[in-house]
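One point on numbering: in the numbering used here, the residue at position 282 of the sequence shown is 282, and numbering is uninterrupted.
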Amino acid sequence: MTDFSGVVDELYNPRNLLYTGAYQQVINALNSLQITNPSNSIEKDILLYRAYILQGKAEKVLNDISAGTDSVLLRAVRALALCSLNQKEQGLEGINSLIELGSPDISSPTFALLASLVYISNEANEEAVKLLIPHETNLECSALLIQTYLLLNRGDLAKQALQQRGRNFDDALLIQLAEAWVKLKTDGSESAANSAYFIFDEVARSTSMSTVTLLNSMAVAKLHQGQYPEAKTYLLEALEKDENNPETLANLVVHANVTGTGLEDMVEYSVKLETVAPKHPFLVDIREKDSQFDQLAAELSG
């Protein structure tokens, strides 16, 4: 696979593995990959560290990368690892300090991607958008921009970005995944959910990867279609692969809630989610709603 300059992308396959959630396969592939283009060396390291972070091994990343490293990009990776360990303020401070230094590296799409992930982790989504917009010829920056618009509930901008930027990347796997999520987030119809499901399913088939990430994606699409037994089948398969995955646990709670069955399961999955990811957005949202309800109840009783 070549990039816009016609240069062969040695990291094409490992990148696609990362997008599907096959993190151990990414690590295995990169550890055995002999880079021929020196400019890809740092990108290889960054991709490897991102896989470790997503695998829940951010501590290894912090141990490998010195806090005093001269590499701006690796310091950005450290900031992302800190966010993964719920040291989000430290991660944000790290990114902001790098931007203040004004190194040429901060204008690169790789830095924009890493910094934006840190901003999103800190709910500074608008700042992420500002960093991502200039990099319209970068696949990951474009896909993350679409995702960030969805986080901001700007489905109109997500659709626009998908239409404008998607054409730059032919049928890139990451853009296909972005298209599926745009369908799920911006169109509540059963046909849109069905279309999204088939995208996820086709990616799983074409890559021979039934990863936890893809299984959760297919389950969410089935939930949107009201096909609850099928959704639970995917979620239980995901749970079998990784019993501590926060997205699987959150989706199982949602499934139990919408079906009105399995109260014991709902409590069990909720408690486990509290244990493995106490700051998961799903739990944060529930706490905020509980607080709003308590406040309203107090006002009415007063």
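Here a beta-carbon is modelled for each residue, glycine too, at the ideal position from N, C-alpha and C.
Give the straight-line distance between the Cα atoms of residue i and residue j, rounded to the nearest whole angstrom.
{"i": "N96", "j": "A250", "result": "32 Å"}
{"i": "S142", "j": "D285", "result": "27 Å"}
{"i": "E264", "j": "L239", "result": "16 Å"}
{"i": "L184", "j": "L162", "result": "14 Å"}
{"i": "Y19", "j": "A192", "result": "22 Å"}
{"i": "Q25", "j": "T233", "result": "24 Å"}
{"i": "A76", "j": "L98", "result": "8 Å"}
{"i": "Y49", "j": "I120", "result": "18 Å"}
{"i": "H280", "j": "S103", "result": "33 Å"}
{"i": "N13", "j": "R205", "result": "16 Å"}
{"i": "N63", "j": "A81", "result": "10 Å"}
{"i": "S39", "j": "A115", "result": "20 Å"}
{"i": "N125", "j": "L151", "result": "8 Å"}
{"i": "A158", "j": "L214", "result": "21 Å"}
{"i": "F332", "j": "E179", "result": "Since the first and last residues shown for the chain are 1 and 302, residue 332 lies out of range."}
{"i": "D187", "j": "S107", "result": "35 Å"}
Between which residues of its own chain and residue i is the CB-CB distance below 8 Å, once the five residues before and five after are set aside?
{"i": "N194", "result": "A221, Q225"}
{"i": "N86", "result": "K279"}
What distance in whole Å lies between the Cβ atoms of residue j and residue i, which are believed to be in contact at a cut-off of 8 Å?
{"i": "E43", "j": "T110", "result": "7 Å"}
{"i": "G94", "j": "A79", "result": "4 Å"}
{"i": "Y23", "j": "A58", "result": "Not quite, the Cβ-Cβ distance comes to about 12 Å (not below 8 Å), so this is no contact."}
{"i": "L54", "j": "D105", "result": "The pair is not a contact, with the Cβ atoms about 23 Å apart (cut-off 8 Å)."}
{"i": "F200", "j": "S189", "result": "Actually they do not touch by this definition, with Cβ atoms about 17 Å apart."}
In the DSSP assignment, find the alpha helix (DSSP H) that holds residue i and state where it starts and stops.
{"i": "I99", "result": "88–101"}
{"i": "L273", "result": "263–276"}
{"i": "M209", "result": "Premise fails: M209 is in no alpha helix (DSSP H) and is neither H nor E."}
{"i": "D64", "result": "58–64"}
{"i": "L239", "result": "228–241"}
{"i": "K279", "result": "Looking at the DSSP string, K279 is not in any alpha helix (DSSP H), and its letter there is neither H nor E."}
{"i": "Q147", "result": "139–151"}
{"i": "T20", "result": "12–20"}
{"i": "N31", "result": "23–32"}
{"i": "E247", "result": "246–259"}
{"i": "I42", "result": "41–54"}
Note down, in chain order, each residue of its chain lying with its Cβ closer than 6 Å to the Cβ of residue i, except the 5 sequence neighbours on either side.
{"i": "V253", "result": "M266, Y269, S270"}
{"i": "A138", "result": "What sits at residue 138 in the sequence shown is Asn, not Ala. Excluding sequence neighbours, N138 sits near P109."}
{"i": "E140", "result": "L113"}
If you drop the 5 nearest sequence neighbours on each side, which residues of the same chain put their C-beta closer than 7 Å to that of residue i?
{"i": "L17", "result": "Q25, V26, A29"}
{"i": "L283", "result": "L273, E274"}
{"i": "T69", "result": "R75"}
query = Which full runs of the alpha helix (DSSP H) of 4+ residues lie inside the region 154–217, going along the chain?
reply = 155–166, 173–186, 190–207
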